Amino acid sequence: MPADLSFSLKQARRMALVAQGFSGRQAPALIKATHLNRMIERLGVLQIDSVNAVVRSHYLPLFSRLGNYSPLLLEQAAWSQGRRRSLFEYWGHEASLLPLALYPLMRWRMVRAQQGQGIYSQMARFGREQQATIQRVLRTVGQQGALGAGSLSTREERAGLWWDWSDEKHALEWLFAAGLVTVAGRRGFERLYDLPERVIPSAVLQTSVTEAEAQRGLLLHSATALGVGTEKDLRDYFRLDPADSRNRLAELVEHGRLQVCQVQGWKQPAYCLPEPKVPRNVTASALLSPFDSLIWERSRTERLFDFRYRLEIYTPQDKRVYGYYVLPFLHNERIAARIDLRAERANGRLAVHAVHEEAPGLDEEGMLALALNLRQMADWLGLEQVQLNCQRPSADRLRAAMMTMDIGL
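So the sequence shown is numbered by my numbering: it starts at 3 and just counts up by one.
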């Protein structure tokens with residue numbers, strides 16, 4: 003397919019930033035549920051992760067875009083009952099929170115999961131071999147509702163590390179993937195499962211779309227959220243199958259709902275919505291979650307920002323290059339630094355363990371922006387102090403910036 007449009011790398015970067023909600027506009031003084039829901043609808047998905055070194059990852063993308071909001075708003079949207087609930091949990095881009103409007107677009111994935119497709123091989127095998135356990139667990143959830151795996155477990159031996167799940171936990175995860183149960187709430191970080199008809203609004207459950215329509219809808223959402231992207235970029239956003247993605251993209255282009263384009267330096271053709279608007283510039287600064295949808299696809303991050311990023315949590319300490327939990331720092335169309343952060347809640351401080359600038363570095367204005375972002379994050383997390391625990395020249399410049407802005411260390 004020939005490209006109808008071409009963009010410079012700077013233009014593609016600006017399109018991506020604005021599509022991802024980094025408009026540079028001043029956030030409202032008071033963030034309300036409507037602001038939160040509008041941003042999540044724009045993104046389409048918030049990836050959930052259990053690591054709590056700073057804050058659990060699904061909270062951070064909203065802070066990066068909106069500023070100081072109450073995490074209670076996200077918890078109400080995700081796990082409350084009634085009208086305030088606007089999200090559901092499912093496998094979007096990994097384990098994710100998604101707008102309820104996308105629930106019908108995920109049904110085909112649930113059907114495939116029931117057939118053992120698109121899920122981990124171990125889970126598929128469990129689904130084939132352990133239907134008696136699965137049906138027993140489903141009956142118990144139907145009778146009692148909102149149950150965690152721990153309250154169902156019949157195992158007597160102590161659980162091992164990582165994925166050493168009980169049979170009941172395996173059953174619940176299979177039922178969840180198959181759409182036969184959903185997440186009603188959480189107790190701490192433990193999922194509480196219930197039947198979809200007791201959690202998801204009936205109007206949503208009754209909405210029916212074909213598999214092809216759903217996949218086209220997800221790809222259109224990807225294109226809207228990314229601004230511009232290759233087939234792999236668009237596919238990865240909701241983790242679609244390559245064959246499905248290619249077929250649906252061809253249909254969307256044929257019907258004029260997506261345009262083929264070319265981006266400077268990209269080997270593969272790209273896609274965007276018809277008549278795209280290209281911003282002249284984007285002035286936004288933000289600390290990013292490692293699982294932020296702007297950067298979660300690492301090869302795209304390299305193509306867009308010339309920024310190679312790998313999370314080093316599971317790398318032995320003596321082999322880490324940048325640190326345990328490193329947040330990229332976005333500043334004025336660049337990912338300009340990496341900050342190794344930890345929220346030390348018992349001591350009431352946000353600890354900066356390392357500051358690594360990306361060439362050509364941060365100028366004075368950029369360092370002031372970083373200092374302000376750290377102070378704002380500490381305030382959002384309810385931490386009184388920002389403490390610098392590093393001695394690199396970058397840290398000295400950051401310390402000077404914080405003193406200039408009268409930000410308490």
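Using N, Cα and C, we set each Cβ at its ideal position, and we do this for glycine too. All values reported here derive from a predicted model rather than from experimental measurement.
Taking residue i as the reference, give the member of the options with the closest Cα.
i	options	result
Glu304	Phe191, Gly267, Val57 and Phe9	Gly267
Ser10	Val328, Ala272, Arg259 and Ala286	Ala272
Ala179	Val280, Gln116 and Thr209	Gln116
Gln208	Glu233, Arg109 and Leu260	Arg109
Gly152	Gln83, Glu175, Arg310 and Cys274	Glu175
Ser287	Gln393, Met17 and Glu367	Glu367
Ala2	Trp382, Gly350, Asp381 and Asp365	A question about residue 2 goes unanswered here, because the residues of the chain that appear run from 3 up to 411.
His358	Leu48, Ile202, Gly231 and Cys392	Cys392
Gln13	His223, Leu89, Leu236 and Gln264	Gln264
Phe24	Thr317, Asn283, Glu346 and Gly84	Asn283
Gln78	Ala216, Pro198, Tyr61 and Tyr92	Tyr61
Arg130	Leu197, Asp308, Ala103 and Ala173	Ala173
Arg114	Asp246, Tyr316 and Ala35	Asp246
Ser204	Ala21, Arg85 and Leu177	Arg85
Ala227	Cys274, Met369 and Asp243	Cys274
Per DSSP, what kind of secondary structure is residue i in: helix, strand or coil?
i	result
Asp6	coil
Ala338	strand
Ser98	strand
Gly144	helix
Val280	coil
Trp81	helix
Val323	coil
Gln208	coil
Glu91	strand
Arg394	coil
Gln28	coil
His257	coil
Leu163	For Leu163, the predicted model reports a pLDDT of 43, less than 50, meaning its position is unreliable and no value from the coordinates is stated.
Val56	coil
Leu149	strand
Leu48	strand
Met407	coil
Ile297	coil
Lys12	helix
Thr317	coil
Ser224	helix
Arg157	Unreliable placement is indicated for Arg157, whose pLDDT of 48 sits below 50; the coordinate value is still reported in the next sentence. Residue state, collapsed to three classes: coil.
Arg127	helix
Lys34	coil
Val201	coil
Asp246	helix
Assign residue i to one of two classes, buried (16 or more other C-beta atoms within 10 Å of its C-beta) or exposed (fewer than that).
i	result
Trp165	Here the model assigns Trp165 a pLDDT of 48, short of 50, so the residue's position is not dependable and the matter cannot be decided.
Met407	exposed
Ile121	buried
Val354	buried
Ile136	buried
Lys171	buried
Asp320	exposed
Phe191	exposed
Pro276	exposed
His257	exposed
Ser396	buried
Ala161	The pLDDT assigned to Ala161 is 48, lower than 50, so where the model puts this residue is not dependable, and the model offers no usable value.
Asn375	buried
Val143	buried
Glu91	buried
Ala18	buried
Arg157	Only weak support is given to the placement of Arg157: the predicted model assigns it a pLDDT of 48, under 50, and the question is left unresolved by the model.
Give me the Cβ distance between residue i and residue j, rounded to the nearest whole Å; I'm assuming they're in contact under 8 Å.
i	j	result
Ser66	Asp342	Incorrect: roughly 17 Å between the Cβ atoms, too far for contact.
Leu194	Leu140	Rounded, the Cβ-Cβ distance is 15 Å, inconsistent with contact.
Pro101	Val206	Between Val206 and Pro101 the Cβ distance is about 10 Å, and since that is not below 8 Å, they are no contact.
Leu75	Leu32	That pair is no contact at about 11 Å.
Met379	Leu306	With a Cβ gap of about 24 Å, Met379 and Leu306 do not count as contacting.
Tyr327	Ala55	4 Å
Leu68	Ala97	With a Cβ gap of about 22 Å, Leu68 and Ala97 do not count as contacting.
Pro330	Ser59	About 13 Å separates the two Cβ atoms, so there is no contact after all.
Ser250	Trp81	Per the sequence shown, the amino acid found at residue 250 is Arg instead of Ser. Going by Cβ atoms, the distance from Arg250 to Trp81 rounds to 32 Å, so no, they are not a contact pair.
Leu222	Leu182	Wrong, their Cβ atoms sit about 28 Å apart, outside the cutoff.
Val388	Arg399	The pair is not a contact, with the Cβ atoms about 15 Å apart (cut-off 8 Å).
Ala345	Leu383	6 Å
Opposite residue i in the DSSP bridges: which residues?
i	result
Asp196	Thr184
Ala286	Paired residue(s): none; Ala286 is not in a bridge.
Glu359	Ala339
Val262	Tyr273
Arg189	Glu192
Arg344	Ala353
Val328	Asp342
Thr232	Ala272
Gln389	Ala353
His333	Ser287 and Arg336
Is any heavy atom of the ligand FMN found at a distance shorter than 8 Å from the C-beta of residue i?
i	result
Ile121	Among the components of this structure there are no ligands whatsoever, and the ligand FMN is therefore not found.
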